[in-house]
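Counting from 1, position 197 in the sequence shown corresponds to residue 196 in numbering that gives the first Met the number 0; the numbering is continuous, with no gaps.
Take a look at the structure below.
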Amino acid sequence: MSHCGPSNSESILVGSQVTIKYSNSNSHLHAGNPATTVITTYCPTNVVNEDIIEGHYDNLRRAIDSVPAHNVLLVVGDFNARIGPEDAKYTYHETTNRNGKYLVDMAVEKNLVIASGQYCKKKGKLWTYISPGGSKCQLDYILIRKKWRNSLNNVEAYSTFASVGSDHRIVSARVRLSLRKSKTLAKGKQHDWKLLSTDNHLQKLYSIEVRNRFQPLEKEEESATERYERFITAHKEATEKVIPVKKKTRKLHFPNDTRVISARNKINKAYMEYQKDTTDENRQIYKQAKHNLEEAYNVVIEEDLDSKLKDVERAHANSKHGQSWRLISDITGRKASPKGQLKGDTQKDRVINWFNHFKNLLGSPPDIDDEDEEILPILESLNIKTGPFDLKEYSKAIKSLVEGKSFGEDGIPPEVLKRCDLDEIILSFCNNALINEEKPHQWSILNIVPIPKSGDLSQGGNYRGINL
Numbered sequence: 000m001s002h003c004g005p006s007n008s009e010s011i012l013v014g015s016q017v018t019i020k021y022s023n024s025n026s027h028l029h030a031g032n033p034a035t036t037v038i039t040t041y042c043p044t045n046v047v048n049e050d051i052i053e054g055h056y057d058n059l060r061r062a063i064d065s066v067p068a069h070n071v072l073l074v075v076g077d078f079n080a081r082i083g084p085e086d087a088k089y090t091y092h093e094t095t096n097r098n099g100k101y102l103v104d105m106a107v108e109k110n111l112v113i114a115s116g117q118y119c120k121k122k123g124k125l126w127t128y129i130s131p132g133g134s135k136c137q138l139d140y141i142l143i144r145k146k147w148r149n150s151l152n153n154v155e156a157y158s159t160f161a162s163v164g165s166d167h168r169i170v171s172a173r174v175r176l177s178l179r180k181s182k183t184l185a186k187g188k189q190h191d192w193k194l195l196s197t198d199n200h201l202q203k204l205y206s207i208e209v210r211n212r213f214q215p216l217e218k219e220e221e222s223a224t225e226r227y228e229r230f231i232t233a234h235k236e237a238t239e240k241v242i243p244v245k246k247k248t249r250k251l252h253f254p255n256d257t258r259v260i261s262a263r264n265k266i267n268k269a270y271m272e273y274q275k276d277t278t279d280e281n282r283q284i285y286k287q288a289k290h291n292l293e294e295a296y297n298v299v300i301e302e303d304l305d306s307k308l309k310d311v312e313r314a315h316a317n318s319k320h321g322q323s324w325r326l327i328s329d330i331t332g333r334k335a336s337p338k339g340q341l342k343g344d345t346q347k348d349r350v351i352n353w354f355n356h357f358k359n360l361l362g363s364p365p366d367i368d369d370e371d372e373e374i375l376p377i378l379e380s381l382n383i384k385t386g387p388f389d390l391k392e393y394s395k396a397i398k399s400l401v402e403g404k405s406f407g408e409d410g411i412p413p414e415v416l417k418r419c420d421l422d423e424i425i426l427s428f429c430n431n432a433l434i435n436e437e438k439p440h441q442w443s444i445l446n447i448v449p450i451p452k453s454g455d456l457s458q459g460g461n462y463r464g465i466n467l
């Protein structure tokens with residue numbers, strides 16, 4: 000999108016799902032795999048000295064040459080050029096002007112297609128600029144590298160963004176690359192474990208379901224690992240049956256508010272009237288409609304902010320500090336710091352590098368000169384219980400558990416251990432490990448979450464690990 004005023008400017012709108020990297024040195028946008036590079040440009044008008052135009056296109060050629068040959072390349076902007084039917088299939092103008100010839104020559108030289116002239120459109124879909132006097136021109140174009148021309152499905156101009164107040168219309172392109180997409184694994188359900196903290200009935204239901212699935216299948220000759228695996232299975236089945244799934248919260252979209260929609264419809268209507276009859280009266284009506292739309296947005300945003308601040312106060316009063324910080328981050332627009340990527344050509348290589356780093360960090364055996372050396376006791380007797388754990392000790396231990404934390408590989412959250420009537424089952428696993436030294440293998444599996452520190456984040460040494 001362009002705007003002709005005291006300072007000419009160019010803008011690019013992309014979908015919210017697109018992740019981009021911006022290079023300010025030559026107005027590049029980079030995104031995706033294969034990389035898609037978008038170069039924006041503003042060309043001086045058709046009446047300036049020819050040396051200025053040649054200098055502009057020399058700079059543009061250098062920018063194009065800096066883009067790797069296999070990138071999807073789009074060159075977009077206000078070229079202040081008119082192209083006639085002798086240079087493109089479908090055009091708004093009957094002849095090509097001087098700037099148009101420079102644009103066509105550059106496109107041929109750099110193997111680009113002027114996509115704006117490749118689609119059969121009505122005249123009303125071709126013009127991109129309206130002058131204060133009401134005359135219309137096609138000055139804005141989208142060019143694409145010829146090898147990717149089949150990935151471009153449509154190019155046309157819209158009046159949708161009249162509320163922006165530009166004398167140019169937005170030129171939209173639909174790009175769809177023909178690439179194989181790797182299958183994404185379906186996300187598992189997220190159950191609302193917080194309900195166990197307050198719902199006594201749900202605690203009882205869950206405990207009964209786990210016991211009914213676990214205890215009837217007791218076997219005489221069964222290893223600790225097999226027995227704990229049955230407990231995990233009982234937990235999963237009980238979870239699916241009685242624990243509710245977290246409700247999805249829809250984020251408020253300001254443009255969908257009825258007041259904003261009404262104001263936007265009025266501005267579009269005013270804009271259409273102004274296009275038909277460019278009088279001062281219609282211009283003022285259009286200007287007032289834009290002001291009303293801005294005011295409608297301000298009211299909706301202020302109401303949303305007030306609601307979030309009240310939610311922060313309630314969350315703080317109820318000691319829900321995690322929820323408070325999430326709301327504060329949402330209000331302030333704070334995002335997670337960018338994460339680096341460990342060295343490795345493939346995902347498998349990176350996993351191996353992680354494993355080797357943490358193995359060297361955590362898995363090195365102790366350096367002992369004499370393993371058989373007797374350790375002399377400092378005190379002959381200590382008031383420490385060495386027998387099996389009892390329920391009193393277990394109850395004291397689980398009181399220190401912090402709810403709302405991530406669970407480990409077995410998928411059992413701290414709310415289950417702290418709130419549900421499964422103490423005897425868990426205690427039996429603990430005593431079997433203490434007395435018979437039969438520890439479930441699942442207890443030895445830890446998920447290590449790497450937390451970046453500082454420095455080069457492609458090196459494993461610049462991360463610390465948290466075990467789950």
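For every residue, glycine included, the Cβ atom is placed at its ideal position computed from N, Cα and C.
Coil, strand or helix - residue i by DSSP
i	result
A172	strand
T277	coil
I434	helix
P449	strand
G76	strand
A69	Note that residue 69 corresponds to His in the displayed sequence, not to Ala. Three-state DSSP puts H69 in coil, outside helix and strand.
H252	coil
V415	helix
V37	strand
V244	strand
I231	helix
Rounded straight-line distance, which links the Cα of residue j to that of residue i
i	j	result
A68	K246	47 Å
K109	G76	17 Å
N70	N79	26 Å
V311	D303	13 Å
N435	T224	13 Å
P43	Y128	15 Å
F213	A233	6 Å
L456	G321	27 Å
E423	S206	12 Å
K145	V170	19 Å
Q346	F354	12 Å
K20	L341	With a pLDDT of 49 at K20, under the threshold of 50, the modelled position of this residue cannot be trusted; read the value that follows with caution. Approximately 19 Å between the Cα atoms of the pair.
N240	D389	The amino acid at residue 240 is misidentified as Asn; the sequence shows Lys. Roughly 31 Å separates the two Cα atoms.
F406	Y227	16 Å
K235	Q441	15 Å
C429	E392	12 Å
P451	S318	28 Å
V298	Y285	20 Å
K188	I383	44 Å
W501	N199	Absent from the structure is residue 501, since the part of the chain shown begins at 0 and ends at 467.
S453	N461	6 Å
K121	R168	15 Å
P439	F230	11 Å
A269	S306	33 Å
L381	P387	17 Å
K309	R263	29 Å
D261	R249	Reading off the sequence shown, one finds Ser at residue 261, where the question assumed Asp. Whole-angstrom Cα-Cα distance: 22 Å.
Y296	L251	13 Å
D420	K186	30 Å
P365	K358	13 Å
L467	S443	11 Å
7 Å CB neighbourhood of residue i in its chain, flanking five on each side removed
i	result
L151	A114, I143, A172 and V174
G116	I82, A87, K88, Y89 and T90
K100	none
G470	Because the chain here runs from 0 to 467, residue 470 falls outside it and cannot be looked at.
Close-in-space but distant-in-sequence residues of the same chain around residue i (CB under 6 Å, 5 per side omitted)
i	result
V448	I465
Q458	none
N153	R173
I242	H190
I63	K109
E437	A223 and N431
L361	none
L72	T36, V66 and R144
Per DSSP, cross-strand counterpart(s) of residue i
i	result
R463	I450
L311	As written in the sequence, residue 311 is Val, which differs from the Leu given in the question. According to DSSP, V311 bridges with nothing at all.
H167	Y128
I190	Just to set this straight, residue 190 is His in the shown sequence, not Ile. H190 is bridged to V244.
Sequence-distant residues of the same chain with beta carbon closer than 8 Å to residue i, five excluded per side
i	result
T257	none
L400	P413, L416 and K417
K334	S328
L201	L194, L195, V241 and I242
Residue i at chain B interface by Cβ criterion, 8 Å
i	result
S130	In the structure shown, chain B cannot be found, because there is only a single protein chain.
Near the ligand GDP: residue i beta-carbon under 7 Å from a heavy atom
i	result
L400	Looking for the ligand GDP in the displayed structure turns up nothing, as the structure carries no ligands at all.
- Task: List in chain order: all unbroken alpha helix (DSSP H) runs of 4+ residues lying wholly within the stretch 90 to 159.
- Result: 97 to 108
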